[in-house]
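Asker: Pasting in a structure now, in structure tokens, and then I'll have a few things to ask.
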Amino acid sequence: MVGFAKIFAFFAAFTVLVAVLIAWYTRETFDPESLRGKKVVICGASTGIGEELAYQYSKLGARVLLVARREAELQKVVSHCGKLGAVTANYIVADLSTLEGAKHLAAETNKLFDGLDVLALNHIMGIYELWNENTDLSKLPQLFAVNTISYINIATLFLPQLKKTNGTIAVVSSFAGVVPVPRTGPYCGTKHALHGFFGSLRQDLALQGHKGISITTCVLGLISTKNARKAVLQHPVGKGVKAQPVDECAISMVKGIALKKRQMYFPWFLSFVETVHFFFPNFVESIIQVASNEKPMQDMLFGATDILILNHASFPHDFWNEDADLSKVPFHFAVNTISYINIATLLLPGLKKTNGSIVVVSSFAGVVSPPNFAIYSGSKHALHGFFNSFRQDLSLKGHKGVSITLCILGAISTKNALERAKSLNIQNGTLLFETVDECALAIIQGAALRKREIYFPWFLNVFETVHFCFPNLFESVIQVMINEKPVGDLLTW
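Each residue of the sequence shown is one higher than the last, beginning at 1 in the UniProt record's numbering.
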């Protein structure tokens, strides 16, 4: 009880924490008028999120200075900003991946603005591929130069301007900056670096008496920009993760920056995912891989499986004739046969990883047909047919290591079996019920030994052999044993 109480207390506290986080990040105290006339520098403003940030700040009457490498695109964005209501709209062409480019930007900005309210660091270089020993390492220096070092350079050079106004540094990061995502190794590294550097810079500024300068890290999910769509279109994530509208993202960023939040998330639930990842990293990373179509759902549940035991069953029992209810037949085969095939097939990738075992709990009715159980016997016979063929398919495809053990069980003294026997008046016959614990032990041993078939009790193997040689005689014996006909009829056989 003490252990349960601790678990309950943990999840209760966790739920409260999530509720507080949701309330904190969804509260609304933003005043649009607070941005009128503010001086804003936006890096990477010729397209995507940077372009949309420029438009949103312009609508609110800010003074915007846009920075990028492509002058023609910048001119178009600046023109549109003027139409939207920007007090002033200017641009600077600069290659921000170099220290010289960052110094050029700082010098030109000083000519236009005396003090700076918002510095939005948004420019990026993307990479999206599975990382391995064959990856082109020559890309790394440029990737870090654009995504990390340039952010550090620009923020440092602009500190004098920001100190004049107690301005805000807006660092456009990514969900990949707080939770690792596949296919983004170097990009993930550059974004994590931003969190490390700017988290430390925030403290350095405070310790040097500059608490007024705020740093807002923007943790963004997949945003529907032209470049993002192009990057993921040919990869599994393009079909699995919904891209968020770029205008809504920019609006959320503007609000978070204006409120001087330490960290803002778009969409908001990324904060929740980050929290869950902190406590359950492997679980969340598996969910991410499934959500981005990198691996199937069953791999999230079982990355690798040693033993798969298929044991569930329905037990239809009645004499079969023309009055039988045919509407129930599909259900019983769905439970007793088709579900076994489905599950074994879906978990096969995990079983291949470990050369695991599929344990199929069948019945004596799966090798010898008793009366009163026509549908049940048919569904169990089907298991033998499928899995014996499946065993050969695996072997022919080079997966001999995956074993299949068929468990042929007699009458086991489970609660359900005893109740069914009582309803059929079998318990008064000569049929003996075996103990369930001994049965389970026999199954475990047989699976561990990777046997093709196990029989419990053992003499069912003998019975199957006798039935093979003398089917009519043996079936008459079964009918007597389960009280379906008197022993005298057996003597006249």
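By construction, the Cβ of each residue, glycine as well, lies at the ideal position given by its N, Cα and C atoms.
Taking the C-alpha atoms as reference points, what is the distance between residue 375 and residue 466?
Answerer: Distance between the alpha carbons of residue 375 and residue 466 is about 23 Å.
Asker: To the nearest angstrom, how far is the alpha carbon of residue 174 from that of residue 221?
Answerer: Cα to Cα, residue 174 sits roughly 6 Å from residue 221.
Asker: With a cut-off of 9 Å, does the C-beta of residue 401 fall near any C-beta of chain C?
Answerer: No chain C appears in the structure shown, which is made up of a single protein chain.
Asker: Threshold first: 4 residues or longer. Then list the alpha helix (DSSP H) segments lying entirely within the segment 149-220, N to C.
Answerer: Listed in chain order, the complete alpha helix (DSSP H) runs (minimum 4 residues) inside the segment 149-220 are 150-157, 159-165 and 185-207.
Asker: Can you tell which of 439, 133, 215 and 187 has its C-alpha closest to the C-alpha of residue 155?
Answerer: Closest by alpha carbon: 215.
Asker: Measure the alpha-carbon distance for residue 377 versus residue 336 and round it to whole angstroms.
Answerer: Going from the Cα of residue 377 to the Cα of residue 336 covers about 10 Å.
Asker: Could you say if the segment 273-281 and the segment 167-183 meet the contact criterion of at least three C-beta pairs nearer than 8 Å?
Answerer: Because the criterion of three Cβ pairs below 8 Å is met, the segment 273-281 and the segment 167-183 touch.
Asker: Any chance the segment 463-478 sits against the segment 364-371, with 3 or more Cβ pairs inside 8 Å?
Answerer: Judged by Cβ distances under 8 Å, the segment 463-478 makes contact with the segment 364-371, as three or more pairs qualify.
Asker: Using 10 angstroms around the beta-carbon of residue 328, count the other beta-carbons present and answer buried if the total reaches 16, otherwise exposed.
Answerer: So residue 328 counts as exposed.
Asker: To test your reading of the DSSP string, which unbroken alpha helix (DSSP H) runs of 4 or more residues are found completely within the segment 277-352?
Answerer: As far as the segment 277-352 is concerned, its whole alpha helix (DSSP H) runs of at least 4 residues are 281-291, 297-301, 329-333 and 339-346.
Asker: Give me whichever residues DSSP pairs with residue 90 in a beta bridge.
Answerer: Residue 90 pairs with 65.
Asker: Suppose the cutoff is 7 Å on Cβ atoms and the five residues either side in sequence are ignored; what does the same chain contact list for residue 95 look like?
Answerer: Correct list, in chain order: 69 and 101.
Asker: Report yes if the C-beta distance between residue 40 and residue 106 is below 9 Å; otherwise report no.
Answerer: No, the pair does not count as a contact, with Cβ atoms beyond the cut-off.
Asker: Judging by CA-CA distance, which residue of 241, 209, 229 and 258 is the nearest neighbour of residue 217?
Answerer: The shortest C-alpha separation from residue 217 is found at 258.
Asker: Any chance you could list the beta strand (DSSP E) runs of at least 3 consecutive residues sitting entirely within the segment 365-397, in chain order?
Answerer: For the segment 365-397, not a single whole beta strand (DSSP E) run of length 3 or above is found.
Asker: My assumption, with CB atoms under 8 Å, is that residue 434 sits in contact with residue 411. Please give the rounded CB distance.
Answerer: That pair is a contact at about 7 Å.
Asker: Okay, do the segment 386-406 and the segment 445-457 touch, 3+ Cβ pairs below 8 Å being the bar?
Answerer: The answer is yes - the segment 445-457 touches the segment 386-406, with three or more Cβ pairs under 8 Å.
Asker: Once the 5 residues before and after residue 2 are set aside, which same chain residues still bring their CB inside 8 Å of it?
Answerer: Residue placement at residue 2 cannot be trusted, given a pLDDT of 47 that sits under 50; what the coordinates show is reported in the next sentence. Here the set comprises nothing.
Asker: Kindly indicate which residue of 45, 48 and 81 has the alpha-carbon position closest to the one of residue 60.
Answerer: Closest by alpha carbon: 81.
Asker: Contact check, residue 225 vs residue 246 under 8 Å by CB: the rounded distance?
Answerer: Indeed, because the Cβ distance is near 5 Å, the residues count as touching under 8 Å.
Asker: Does the count of Cβ pairs from the segment 183-193 and the segment 117-135 closer than 8 Å reach three?
Answerer: Enough Cβ pairs lie closer than 8 Å, so yes.
Asker: Measure the C-alpha to C-alpha separation of residue 147 and residue 309 and round it to an integer number of angstroms.
Answerer: Cα-Cα distance, rounded: 49 Å.
Asker: In this structure, what does DSSP give as the bridge partners for residue 405?
Answerer: Paired residue(s): 359.
Asker: Could you tell me the alpha carbon to alpha carbon distance between residue 428 and residue 323, rounded to whole angstroms?
Answerer: With a pLDDT of only 47 at residue 428, under the threshold of 50, the placement of this residue in the model should not be trusted; the figure read from the coordinates follows. Looking at the two C-alpha atoms, the distance is approximately 28 Å.
Asker: Taking residue 265 as part of the beta strand (DSSP E), name the residues at either end of that continuous run.
Answerer: Segment 263-266, the beta strand (DSSP E) holding residue 265.
Asker: Is it right to say residue 190 is buried, meaning 16 or more other beta carbons lie within 10 angstroms of its own, or is it exposed?
Answerer: Buried.
Asker: Could you check if residue 480 is buried or exposed, using at least 16 other CB atoms within 10 Å of its CB as the buried criterion?
Answerer: By the neighbour-count rule (16 or more Cβ atoms within 10 Å), residue 480 is buried.
Asker: Considering only the beta carbon of each residue, do residue 90 and residue 64 sit closer than 9 Å?
Answerer: It is a contact, given that the beta carbons lie within the stated cut-off.
Asker: So residue 250 is in the alpha helix (DSSP H); what residue range does that whole segment cover?
Answerer: Element bounds for residue 250: 246-258.
Asker: Given that a residue counts as buried once 16 or more other Cβ atoms are within 10 Å of its Cβ, and exposed if not, what is residue 345?
Answerer: Exposed: under 16 other Cβ atoms inside 10 Å.
Asker: What does the alpha-carbon distance come out to for the pair residue 304 and residue 354?
Answerer: Cα-Cα distance, rounded: 6 Å.
Asker: Who are residue 434's beta bridge partners in DSSP?
Answerer: Answer is 412.
Asker: Answer with buried or exposed for residue 208, where buried requires no fewer than 16 other C-beta atoms within 10 angstroms of its C-beta.
Answerer: Exposed: under 16 other Cβ atoms inside 10 Å.
Asker: On a CA-only basis, which of 219, 296 and 251 is nearest residue 271? Give me that one, please.
Answerer: Out of 219, 296 and 251, 219 has the C-alpha closest to the C-alpha of residue 271.
Asker: Quick check on residue 429: does DSSP put it in helix, strand or coil?
Answerer: No answer about residue 429 holds up, because its pLDDT of 49 lies below 50 and its placement is not dependable.
Asker: Please report the straight-line C-alpha distance between residue 197 and residue 187, rounded to a whole angstrom.
Answerer: Their backbone Cα atoms lie some 15 Å apart in a straight line.
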